[in-house]
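Numbering-wise (numbering that gives the first Met the number 0), the sequence shown opens with residue 0 and increments by one.
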Amino acid sequence: MSKKGQKVHTKKVFKPYVQEQQTLPLSIGSLISQNHVARVVSSAIDQMNIEPLFAKYPGGGRSSFHPVMMTKLLVYAYT
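1. Does the beta-carbon of Lys71 have 16 or more other beta-carbons within 10 angstroms, so that it is buried, or is it exposed?
2. Could you tell me the distance, in whole angstroms, from the CA atom of Met47 to the CA atom of Gly58?
3. Could you please give the first and the last residue of the uninterrupted alpha helix (DSSP H) stretch that includes Leu72?
4. Suppose the cutoff is 8 angstroms on Cβ atoms and the five residues either side in sequence are ignored; what does the same chain contact list for Ser62 look like?
5. Is Ser63 helix, strand or coil when you go by DSSP?
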């Protein structure tokens, strides 16, 4: 049992993030053109060093959405 305000564990847990996941018989990625801004944003974020972003996650608690996915979503929303 932990005291109030004290962390139980510091393990960093993210919700599964699989970009090539297929939930339908067809590939969703095939519906997006090769030069679409979503692909440009995804490629740019994939090439970035995101270790400083991971360092901000304290861990513990429920699993979070993956920081790479959330960064792609945020940047795409700003475009």
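C-beta: ideal position from N, C-alpha, C; glycine also.
With the given structure in hand:
1. buried
2. 22 angstroms
3. 66-77
4. Val12, Phe13, Lys14
5. strand
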